[in-house]
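Residue numbers (my numbering): 695 to 1185.
Even glycine gets a Cβ: it sits at the ideal position worked out from N, Cα and C.
The structure appears right after this line, and notes come after that.
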């Protein structure tokens, strides 16, 4: 109970601090069309009870300002920006985020129309027509009045970047994080170089240097899976993972199958990388979260599409990360095992969530096929690169072009994914990218300490189940729980 109260107090204090810092430094421009699409996409889902989906027309009208006394959401968003425009000290949004928002407007409009049609929301035509006009008008205003003023330097003021790091759970100096990540990058790259020749030989790949892991990965990408076969391939891998988890006693998993689907065009525009769509953590009546696999962002054109997720070997670590034993299991466990709301919602930060993600990915690697293992290591290499490049870019220690070179030539990402990564570090979520690696290292430290304390009595299954039972505790509090509860129980 005391821990939960501390979590609630810390969450409230952090939110207040963030509001004050954003108000102090940033103009409040927002991608209003994306916000509207996201709100309706969350409501119009198979996971939402039909009686709640029936309220979609009310929400649509509220967004369009058609409810009594209402104002269009786009009008409110524009007003919030314009009312603070007179303060020259406030930073404009970045050129990158504004241009991306403009590129995606038509996709969001089409996405909303398809949702309304799929769920047969009667009487929505008038409100949808009004909303589409408002979203296009907002885009025209953004292009005319916001884009010319947008800033090209994406770096945040130092206090705001420091706050971002703290909010995602990174509680060490970013330069120390960079140093640790550099070591991990070199060690993981070396491990990939040892594995790459085995993969090349097993798959009969023709590469000039079999020890060049990036060349081997690019050869694996040649085995591209057609869009209409992609979901079927991923489902086969998903069905193969659960028995491996049980056989090797990694963690307890539910008997029911997990849910996975391809993303719509609008979902892919909003979130072009694979992601997990959460089920409700409050008043959950049996809904399940869903692993969503995008087919690429249609706004970027055919020449700038991803090749990082649609080949055979990629399905193993991506399915493990978004599904089991990672996010699907993580959030399902919090609902089904009765984890408190303080730990499931208010303790939520990226270090707590993604630390388990990378740790559980690593638990699966020995049981995956060789090519799947190589891609798992590639994504571990990416997490180390993130923990280097995010702070380096935000502290002005590297140019964007050099960071892109690391991601494309060093990690083996497509140019489209490298661009998304760089935008993530500097525009979308500055500070967040290092949380995967940092959270992973904290759990590894805790695992080693626990193994040393228990010796032969250490039980991996029990340890991993205990971690899940704690919800999203910060690393220090998780270590405290392990030392005070788990270790005495099994000693």
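Length of the line joining the Cα atoms of residue i and residue j
i            : j            : result
residue 797  : residue 1071 : 34 Å
residue 698  : residue 1037 : 7 Å
residue 1006 : residue 917  : 7 Å
residue 728  : residue 943  : 42 Å
residue 1149 : residue 1140 : 14 Å
residue 758  : residue 831  : 12 Å
residue 1040 : residue 724  : 24 Å
residue 735  : residue 956  : 14 Å
residue 710  : residue 716  : 10 Å
residue 909  : residue 900  : 9 Å
residue 856  : residue 850  : 9 Å
residue 947  : residue 781  : 54 Å
residue 1074 : residue 874  : 14 Å
residue 743  : residue 870  : 47 Å
residue 969  : residue 839  : 33 Å
residue 812  : residue 934  : 32 Å
residue 708  : residue 696  : 18 Å
residue 1045 : residue 1058 : 20 Å
residue 1003 : residue 1012 : 8 Å
residue 769  : residue 833  : 12 Å
residue 1143 : residue 1179 : 14 Å
residue 938  : residue 884  : 27 Å
residue 876  : residue 858  : 21 Å
residue 764  : residue 1135 : 49 Å
residue 756  : residue 1033 : 34 Å
residue 1067 : residue 1014 : 12 Å
residue 927  : residue 921  : 10 Å
residue 679  : residue 733  : Since the first and last residues shown for the chain are 695 and 1185, residue 679 lies out of range.
residue 1109 : residue 989  : 16 Å
residue 746  : residue 714  : 34 Å
residue 1176 : residue 940  : 23 Å
residue 1227 : residue 800  : Residue 1227 lies beyond the range of the chain shown here (695 to 1185); nothing can be said about it.
residue 635  : residue 879  : Given that the chain is displayed from residue 695 to residue 1185, the structure contains no residue 635 and the question cannot be resolved.
residue 845  : residue 719  : 13 Å
residue 983  : residue 1026 : 8 Å
residue 767  : residue 776  : 14 Å
residue 1093 : residue 872  : 16 Å
residue 1138 : residue 1164 : 16 Å
Which residues DSSP lists as bridging residue i, in chain order
i            : result
residue 970  : 985
residue 1111 : Residue 1111 is not bridged to any residue.
residue 954  : 985
residue 1018 : Bridge partners of residue 1018: none, in fact.
residue 788  : 845
residue 720  : 785
residue 1005 : 918
Within 9 Å, strictly: CB atoms of residue i and residue j
i            : j            : result
residue 794  : residue 843  : no
residue 1020 : residue 978  : no
residue 971  : residue 1017 : no
residue 1162 : residue 986  : no
residue 810  : residue 829  : no
residue 841  : residue 754  : no
residue 976  : residue 1035 : yes
residue 1097 : residue 1119 : yes
residue 854  : residue 784  : no
residue 1147 : residue 1185 : yes
residue 1116 : residue 1076 : no
residue 802  : residue 960  : yes
residue 1201 : residue 760  : What the structure shows of the chain is the stretch from 695 to 1185, and residue 1201 is not part of that stretch, so it cannot be assessed.
residue 1167 : residue 806  : no
residue 1065 : residue 1171 : no
residue 958  : residue 808  : yes
Integer-rounded CB distance, given that residue j should sit under 8 Å from residue i
i            : j            : result
residue 967  : residue 731  : Going by Cβ atoms, the distance from residue 967 to residue 731 rounds to 17 Å, so no, they are not a contact pair.
residue 789  : residue 1078 : That belief does not hold up - the Cβ atoms of residue 789 and residue 1078 are roughly 29 Å apart, past 8 Å.
residue 751  : residue 817  : 6 Å
residue 1048 : residue 1104 : Not really, about 21 Å apart at Cβ, beyond 8 Å.
residue 772  : residue 835  : 6 Å
residue 861  : residue 1159 : Rounded, the Cβ-Cβ distance is 28 Å, inconsistent with contact.
residue 981  : residue 741  : 4 Å
residue 931  : residue 1050 : Contact doesn't hold; Cβ gap of about 20 Å is too wide.
residue 1111 : residue 1000 : 5 Å
residue 866  : residue 1125 : In fact, because the Cβ distance is near 12 Å, the residues do not count as touching under 8 Å.
residue 791  : residue 1181 : With a Cβ gap of about 46 Å, residue 791 and residue 1181 do not count as contacting.
Below-9 Å beta-carbon distance, residue i vs any chain D residue
i            : result
residue 1167 : Given the protein chain composition of this structure (a single chain), no chain D is represented.
Query raised in the report: Is the number of C-beta pairs between the segment 883 to 892 and the segment 1084 to 1096 that are closer than 8 Å three or more?
Result: In short, these stretches do not touch, since the Cβ pair count stays below three.
Query raised in the report: Is the segment 1128 to 1138 in contact with the segment 913 to 927, if contact means three or more CB pairs nearer than 8 Å?
Result: In short, these stretches do not touch, since the Cβ pair count stays below three.
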